[in-house]
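Colleague:
Chains as they are written, first to last, in this note's numbering: chain A, 341 to 818; chain B, 341 to 818.
1) By the 10 Å Cβ neighbour count, where 16 or more other Cβ atoms means buried, how is residue 556/B classified, buried or exposed?
2) For residue 690/B, tell me which candidate among 652/B, 398/B, 444/B has the shortest Cα-Cα distance.
3) What do you get for residue 712/B, buried or exposed, if any count of 16 or more other CB atoms within 10 angstroms of its CB means buried?
4) Please state the DSSP three-state secondary structure of residue 814/B.
5) Can you grab the Cα-Cα spacing for the pair residue 657/A / residue 635/A, in whole Å?
6) For residue 450/B, which beta-bridge partners are listed by DSSP?
7) Determine which residues share a DSSP beta bridge with residue 574/A and list them.
8) Output yes or no for whether 9 angstroms exceeds the beta carbon distance between residue 789/A and residue 769/A.
9) Any Cβ of chain A within less than 9 angstroms of the Cβ of residue 384/B?
10) Which residues does DSSP pair with residue 502/B in a beta bridge?
11) Near residue 732/B, which residues of its chain fall below 8 angstroms by C-beta distance, leaving aside the five closest residues on each side in sequence?
12) CA-CA distance, residue 390/B and residue 610/B?
13) Under the rule that 16 or more other beta-carbon atoms within 10 Å means buried, what is residue 630/B, buried or exposed?
14) Mind checking residue 344/A: buried by the 16 CB within 10 Å criterion, or exposed?
15) May I have the straight-line CA-CA distance separating residue 720/A from residue 670/B, to the nearest angstrom?
16) Span of the alpha helix (DSSP H) holding residue 459/B?
17) Under 9 angstroms, do residue 580/B and residue 424/B count as touching if we go by C-beta distance?
18) With 16 other CB atoms within 10 Å as the buried threshold, where does residue 341/A fall?
19) Should residue 597/B and residue 586/B be called a contact, given that it needs their Cβ atoms to be closer than 9 angstroms?
20) From residue 561/A to residue 736/A, what does the alpha carbon distance come to, in whole angstroms?
21) Please tell me whether residue 812/A and residue 744/A are closer than 9 angstroms, where the distance is taken between their beta carbons.
22) Cβ of residue 373/A less than 9 angstroms from any chain B Cβ?
23) Going by DSSP in three states, residue 341/A sits in which element: helix, strand or coil?
24) Measure the alpha-carbon distance for residue 607/B versus residue 648/A and round it to whole angstroms.
25) Which word fits residue 742/A, buried or exposed, when buried means at least 16 other C-beta atoms lie within 10 angstroms of its C-beta?
26) By alpha-carbon positions, which one of 728/A, 682/A, 814/A ends up nearest to residue 747/A?
27) Thinking just about the alpha-carbon of each residue, which of 392/B, 442/B, 484/B is nearest to the one in residue 431/B?
28) What does residue 456/A reach in chain B if we use C-beta pairs closer than 8 angstroms?
29) Should residue 387/B go down as buried or exposed, given a rule of 16 or more other Cβ atoms within 10 Å for buried?
30) Taking residue 810/B as the reference, which of 376/B, 793/B, 395/B has the closest Cα?
31) Can you list the residues of chain B that residue 501/A reaches, using a CB-CB cut of under 9 angstroms?
32) Check residue 743/B in the structure and name its three-state DSSP category.
33) Going by other Cβ atoms of all chains shown within 10 Å of its Cβ, with 16 needed for buried, is residue 559/B buried or exposed?
34) Let me confirm a value: residue 683/A is counted as buried when at least 16 other C-beta atoms fall within 10 Å, else exposed. Which label applies?
35) Assess contact between the region 433–451 of chain B and the region 441–459 of chain A, defined as three or more Cβ pairs (one per stretch) separated by less than 8 angstroms. Is contact present?
36) Have a look at 680/B, 692/B, 621/B and flag the residue whose alpha-carbon is nearest the alpha-carbon of residue 642/B.
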């Protein structure tokens, strides 16, 4: 039997080995477990509960903006995947191929979906006839497979969970508006719900999605200064529509091609939460996404009335918050570090002395600040505290992001910053992919997104010195 | 372009061709669409919304009873699937095999999960060490693939969506209690939520799950008298635990094997809703599961104040019910049959005359009964009506079920009933699989479940005439 060690283990400090810290936290907090399939993770109850909270938030926002959920098949016939040239080139090398059903060899190979553009296109071709049928604003929650060589929990796994939205619109303008609406939705999701500040903008052609005209991205900065692409929203123009022949009769009864978008966020998000907010004692979860918002720890449970008083407090708090009361026979100190390690935003301690004084001890996970709150106002105070923690976590992460964005005017400055200062660099670029490749090859940094607006005339490309076309955020990335 | 005909088409009457009626309803109500993959369906927004309501109900009940959601990988290595002999024999002939990742042939084939017992077992082997770790009450929502030869939307598809629960317990008693707790949960789900009465009980050895010691089932009767297996709950004993070596240290620090269960319901449920409740005009959805509970149809929209009055009514109703107000320029009569066909339980009509009289016209989908309700009490009355519709639908389905259960004391009676009377037959059986096979071969009826209690001494097997061991529900089945 391969049994894991259940003793409380030390977590590697972040600044000693960030990658090892990440692995330790994911394992100790019981977010995932390795599975018998290489590169595919098991999402354990605590990790999956975070994903469920994310799903609930995003699903609600999508429904409020008129999107509908559907379910497309898991498998895609090879001939369908091959219809759009750029798309198949982008994905074919990393798909899993089904060749047999039971004992029978299939006449045509099927791939396990790496993404579902072609399935939505083939469906839209069938169901869209008239301008009255538009827009179609479909989304699905599912898992997809991409045969990655090196994998890490949440960040890069052969199978991952996500939502993929696929929409069809009458005009280019409508589709572009949708692309940006979703970009904003993702930005709000990161900032308001996960307390993670992001920069956002257009990807360069090199970094855009296989088959898209434009890809917008939200990018977050991790504790180590590296970028995490947090979510992307693609504008397809009528490229897929022409290949899949998705036409509608407009109000003059003339046939027009639809214009499309697609967009997604995945369980990668959870990797971002860990790497933005965590500390050397483990996870720190923003209250809005935390499966447990309040850990209630009874003190001196053996004393008369303590269990009852805690049960009463739990019943009151349970009406408003996600509370876990721990009545197990472990020592309070053990429980403290357990819930700290799991990132529970607020701990309450309630023992005989507190009961006597009509108070509850409250300890914030993010600042370790310890307070006494009156038991008769506990709902109100806990609500305020959770709100404060959420806001403070965002403010700290925002400060940490903007303090670590640097400007480089030439190659030497760019090289110096990328070697010595973890973070993002703003640097001008001529628009030529050779220069983008050069920066990636020599400095291991990729363009994260294009900064809106035209550079002033004197600005030059940090790589070739020719006149600049764009200012770009560059960074090392997950 | 293969465009579907969007004109309102007639639905084949149920008693002319029930199979065609079913196909017509599924298509016309836009529940599913065929996909480019043989036997895999697309769940369209209306069909998926039904599934979401089912998920919400079942998920809540599972969480209330202490179950936690997880996500296991989609792919299973062949060697893992092969560990339990009965299990692999049951599933290997119908799995889809992945043989290549990108261009590379895999060292070991992976199957797309047909069910996930072996993955949960391998995970439990890793995470269960002590009696303190038990029970583990895990569930996942996902899709699975079984390579079926003939397929029909919802009823039998190569890919289907479901929840699969997998639990591990310290003792056989605990695991048996769980098996029955879930059976009850499924029974309540069918009866209270879907208004579908079910019979329930143990499966015979021939019909039980591959690898289980015992399989319990809930069985519903469709309009045509055929049975639909609605959900199953399996008790595994320690069979899988011994194969996968899932042991825990008990309170005396002695190693014991866990006892396990698994159980699931799938999108098949939706086929049951259609075939139990539907009529010749289409779907009839029980209010609790209906994506749209109330269709509000403005009458004479061109008249002053009608749109505004309907918007106001929509705002009031929308706070309590799932309401769809149809302000499109289609004729009211067209809208009436559209929402009837889609099975919306209650239609409200609101026009100038109603506004003047302070009333709303209400029409029940199930009985066609038309009523006038005072607009100032509309929330209360709609709530009562939806409750009444839900209860009446159950009562009608219950009557239809119990009226069509017959008793057969010998082969001739059994044959006569199965040939001439759609429904279930209660008939005694000796317990020998040869007799069960004989009934299946000659009369196309399978044992649905065992009726609790011992038959009296004079009862004999309808097939061989030997003393009866059990009374059984037999039926033709989907």
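We put the CB at the ideal spot given by N, CA and C, even for glycine.
From a predicted model like this one, the values you see are computed outputs, not experimental measurements.
Modeller: Reading it off the structure:
1) By the C-beta density criterion, residue 556/B is buried, having at least 16 other C-beta atoms within 10 angstroms.
2) Comparing Cα positions, the closest option is 652/B.
3) The C-beta of residue 712/B has fewer than 16 other C-beta atoms within 10 Å across all chains shown, which makes the residue exposed.
4) Under the three-state reduction of DSSP, residue 814/B is assigned to strand.
5) In this structure, the alpha-carbon of residue 657/A lies about 11 angstroms from that of residue 635/A.
6) According to the DSSP secondary-structure assignment, residue 450/B is paired through a beta bridge with 417/B, 438/B.
7) Note: residue 574/A sits in a beta bridge opposite 555/A, 602/A.
8) The Cβ-Cβ distance between residue 789/A and residue 769/A does not fall below 9 angstroms.
9) The beta carbon of residue 384/B sits closer than 9 angstroms to some beta carbon of chain A.
10) Bridge partners of residue 502/B: 482/B, 606/B.
11) The residues 706, 707, in chain order, have a CB closer than 8 angstroms to that of residue 732/B in the same chain once the five nearest residues on each side in sequence are set aside.
12) Cα to Cα, residue 390/B sits roughly 8 angstroms from residue 610/B.
13) Taking all protein chains in view, the Cβ of residue 630/B is crowded by 16 or more other Cβ atoms within 10 Å, so the residue is classified as buried.
14) At residue 344/A the pLDDT is 37, less than 50, meaning the model places this residue with poor confidence; the figure from the coordinates comes in the next sentence. With fewer than 16 Cβ atoms within 10 Å of its Cβ, residue 344/A is classed as exposed.
15) Straight across, the Cα-Cα distance linking residue 720/A with residue 670/B is about 51 angstroms.
16) Counting along the chain, residue 459/B sits inside the alpha helix (DSSP H) bounded by residues 457–467.
17) Going by C-beta atoms, residue 580/B is nearer than 9 angstroms to residue 424/B.
18) Because residue 341/A sits at a pLDDT of 32, beneath the cut-off of 50, its placement in the model cannot be relied upon, and the point is left open.
19) Yes.
20) Going by the C-alpha atoms only, they are around 12 angstroms apart.
21) With contacts defined as CB atoms closer than 9 angstroms, residue 812/A and residue 744/A fail to qualify as a contacting pair.
22) Flagged as an interface residue toward chain B: residue 373/A, by a C-beta distance shorter than 9 angstroms.
23) Only weak support is given to the placement of residue 341/A: the predicted model assigns it a pLDDT of 32, under 50, and the question is left unresolved by the model.
24) Distance between the alpha carbons of residue 607/B and residue 648/A is about 44 angstroms.
25) Residue 742/A should be labelled exposed.
26) For the residues 728/A, 682/A, 814/A, the minimum Cα distance to residue 747/A belongs to 814/A.
27) Distance check between residue 431/B and each of 392/B, 442/B, 484/B places 484/B closest, using alpha-carbon atoms only.
28) Those do not exist, as residue 456/A stays about 11 angstroms from chain B at its closest Cβ, beyond 8 angstroms.
29) When all chains shown are included, residue 387/B counts as buried.
30) Checked all of 376/B, 793/B, 395/B; the closest Cα to residue 810/B is 793/B.
31) 411, listed in chain order.
32) In this structure, residue 743/B counts as coil in the three-state DSSP scheme.
33) So residue 559/B ends up on the buried side.
34) Classified as buried, residue 683/A has 16 or more neighbouring CB atoms from the shown chains inside 10 Å of its CB.
35) Flag = yes, the region 433–451 of chain B and the region 441–459 of chain A touch.
36) For residue 642/B, the nearest C-alpha among the options comes from 692/B.
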